[in-house]
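Only one structure is covered here, and it is reproduced in the block below.
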Amino acid sequence: MDARTYIERHRGEFVAALKDWLSIPSVSADPLRAGDVRRSAEWLVAHLTEAGFPTAEVWETAGAPAVFAEWPAEDPAAPSVLVYGHHDVQPADLADGWHTDPFVPVEQGDRLVGRGASDDKGQVLFHALGLRALLAASGAAAPPVTVKLLVEGEEESGSPHFPDLLRRNRDRLACDAVVVSDTTMWAADTPSMCVGMRGMTDCQVDVYGPATDLHSGSFGGAVPNPARGLADLLSGLHGADGRVAVPGFYDGVAEVTPQEREMIARLPFDEAAWLRTAGSTAASGEAGYSTLERVWVRPTAEINGMWSGHTGAGSKTIVPRSAHAKVSFRLVPGQDPLHVQERFRAYVADRLPAGLRVEVEFAGPGVRACASDISSIVGGPPSAADPGGPFGGGAAVRAARAAMQRAFGTEVLFTREGGSGPEADLADILAAPLVFLAVGLNDDRIHAPNEKVEIPLLLKGAESAAHLWTELAAHAAGARS
Ligand SMILES: [Zn+2]
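Its first residue numbered 272, the sequence shown is counted upward by one per residue in my numbering.
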């Protein structure tokens, strides 16, 4: 029996299991749901054990538990691959606008509606089905590469304990590639693979002037005004061409190659519909780049909020004593968040007039961007972060793309995502190349009311996963010979 037939025959069982899992409200952000997050981890361990994983266990963290599972390859010299996903979900409440109880999953035709259906339980679960299908099709007792699964329980809460979990278990997690199944495809009829995610760093800027608010008749025009100082600082963040004008901001930025730009341009992007979703009447940004390029492959500076002086009813003619803003930067591969922080501080210090004092407080070290090495497909320099190994040099992406193309029967294009989770930590701490294999859709309403998943796409995900292990083994063998 081939993998596709096996998967189709087990559709009912798969959907029933997923519904069972989705009915556990594993909301990591809600302390009252801690027991449910644990129950969700235990459910997954039982499911993976039943699927045949020789190892499946709950891993404790200082927060919510994760799940680890491993199915060793028959050949002890075969490479290892780690699948990453998460079993916690975003909060959901009927009152938010759900048409049905978010934790009573319902099938509506080919759709399954429920919190976590797409993000991320459905996409974790298809891996177990895919591996079963591969073994049924090949008749082997074990996969051709060692398959490990790490499914965390705090992704929707910012993965606060995830880097520590990775470091503590580095030996057992050791792998030659990381497969992330927590992203989306372009559209049901346009299968695609995410190949990069932007990083981020954010801060608050506080500008202080006079010791108290001053009468603008007595002092206005004769002492520096913090609100004006802040406005000048913020207005200078961008040049007329939309580029970020902070000196050194673009240091290290990996430029996107003409081939990747061409692949992005081939995606059927409806800018008018995108603007309607945004509720905006115009697109704007860095000159020389398309809208998709602006949100995927270019770094940005964004003013997230600002406040100062009198904002209540009526007027109050003052020189305010202080002014404040929240500023964030989206970063692309090659940019170091700490360098960006240092460059922004220098920009602020240079720009502020005498008589004003400024404090810039960053929320933390920031998150680096991450990317798959696609240089062997779209040209450009190989990934600077490529750790080599059997899937270095872009072999992981070529294998995963081949697996998806077999399942979908059509060319798989590349996309990126504008934001990210803990993927950069996975790649850095485990020193393995990243590849994204996922079948969620942008209209799955993840994090929103009425989240759903397309069941036929989850089955395609399972089929892609079934092919993935053989493709990876084949690509690794190619690399060794
Ligand atoms: Zn997710």
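All residues carry an ideal CB built from backbone N, CA and C; glycine is no exception.
Closest by C-alpha distance to residue i, when choosing among the options
i       : options                            : result
Leu-353 : Phe-339, Gln-361, Asp-364          : Phe-339
Ala-670 : Ser-735, Ala-634, Ser-654          : Ser-735
Thr-571 : Asp-460, Ala-412, Thr-562          : Thr-562
Asp-273 : Ala-408, Phe-285, Ala-733          : Ala-408
Val-308 : Glu-531, Pro-414, Glu-427, Lys-419 : Glu-427
His-746 : Ile-717, Ala-703, Ala-674, Phe-707 : Ala-674
Tyr-355 : Ala-445, Phe-397, Leu-420, Arg-616 : Leu-420
Gly-576 : Asp-477, Gly-523, Gly-424, Tyr-560 : Asp-477
Glu-630 : Gly-556, Ser-506, Leu-501, Ala-558 : Leu-501
Ala-363 : Gln-379, Ala-349, Ile-295, Ser-430 : Ile-295
Ala-706 : Ala-695, Asn-713, Leu-712, Glu-328 : Strictly speaking, residue 706 in this sequence is Val, with Ala absent from that position. Out of Ala-695, Asn-713, Leu-712, Glu-328, Ala-695 has the C-alpha closest to the C-alpha of Val-706.
Glu-613 : Val-590, Gly-637, Gly-626, Arg-628 : Gly-637
Ala-337 : Ser-351, Trp-369, Ala-348, Asp-435 : Asp-435
Glu-688 : Gly-651, Ala-744, Trp-567          : Trp-567
Leu-623 : Arg-499, Asp-484, Ala-327, Leu-402 : Arg-499
Ala-702 : Val-449, Gly-470, Pro-415          : Val-449
Leu-396 : Ser-506, Ala-733, His-432          : Ala-733
Gly-519 : Ile-717, Ser-452, Pro-608          : Pro-608
Glu-279 : Ala-620, Gly-467, Ala-737, Ile-717 : Ala-737
Glu-632 : Ala-327, Gly-470, Gln-475, Leu-729 : Gln-475
Ala-335 : Val-418, Gly-663, Pro-431          : Pro-431
Asn-721 : Pro-302, Trp-292, Ala-333, Gly-387 : Gly-387
According to DSSP, residues forming a beta bridge with residue i
i       : result
Ser-579 : Ala-594
Glu-688 : Met-468
Ser-463 : Leu-684
Cys-641 : Met-468
Phe-707 : Val-451
His-357 : Glu-423
Lys-262 : An answer regarding residue 262 cannot be provided, because it is not within the stretch 272 to 752 covered by the chain.
Glu-533 : None; Glu-533 has no bridge partner.
Val-338 : Val-329, Val-422
Ala-572 : Phe-600
Tyr-479 : Ser-593, Arg-628
Cys-474 : Val-598, Phe-633
Thr-276 : According to DSSP, which records beta bridges pairwise, Thr-276 is partnered with nothing at all.
Thr-417 : Ser-351
Met-456 : Leu-712
Check: residue i C-beta below 7 angstroms from any heavy atom of ligand 3
i       : result
His-357 : Although ligand 3 was asked about, the structure shown includes only ligand 1 as ligands.
Close Cβ partners of residue i (< 8 angstroms) along its chain, the five nearest in sequence each way excluded
i       : result
Asp-381 : Glu-725, Ile-726, Pro-727
Ala-549 : none
Glu-564 : Val-527, Arg-532, Ile-535
His-509 : Val-515, Ala-516, Ala-572
Ile-574 : Leu-505, Leu-508, Ala-596, Lys-597, Val-598
Contact test: residue i Cβ vs ligand 1 heavy atom, cutoff 7 angstroms
i       : result
Asp-696 : no
Asp-715 : no
Asp-453 : yes
Gly-425 : Checking the sequence shown, residue 425 turns out to be Glu, not Gly. No, since every heavy atom of ligand 1 falls outside the 7 angstroms radius drawn around the Cβ of Glu-425.
Asp-391 : yes
Exposed unless 16 or more other CB atoms sit within 10 angstroms - verdict on residue i
i       : result
Ser-463 : buried
Ser-691 : buried
Thr-283 : According to the sequence shown, residue 283 is Gly rather than Thr. Under this definition Gly-283 is an exposed residue.
Ala-719 : exposed
Leu-402 : buried
Lys-587 : exposed
Asn-496 : buried
Ser-752 : Model confidence at Ser-752 stands at a pLDDT of 43, short of 50, so the residue's coordinates are unreliable and nothing is read from them.
Thr-552 : exposed
Pro-347 : exposed
Phe-374 : buried
Phe-540 : exposed
Glu-682 : exposed
Beta-carbon contacts of residue i that lie in its chain and below 6 angstroms, excluding the five residues immediately before and after
i       : result
Leu-406 : none
Phe-324 : Ala-340, Trp-342
Asp-473 : Ser-599, Ala-634
Gly-523 : Gly-605, Gln-606
Tyr-277 : Ala-404, Ala-407
Leu-712 : Thr-455
Thr-332 : His-432, Leu-436
Ala-698 : Cys-641, Leu-705
Cut-off 7 angstroms between Cβ atoms - residues of its own chain near residue i, not counting five sequence neighbours on either side
i       : result
Arg-537 : Leu-684
Ala-399 : His-318, Leu-319, Ala-322
Trp-578 : His-595
Glu-542 : Ala-554, Thr-562
Trp-457 : Ser-463, Leu-538, Leu-684, Thr-686
His-358 : Ser-297, Ser-311, Ala-312, Leu-315, Val-338, Lys-392, Val-395, Val-422, Gly-424
Below-8 angstroms beta-carbon distance, residue i vs any chain B residue
i       : result
Leu-289 : The question asks about chain B, but that chain is absent: this structure has only one protein chain.
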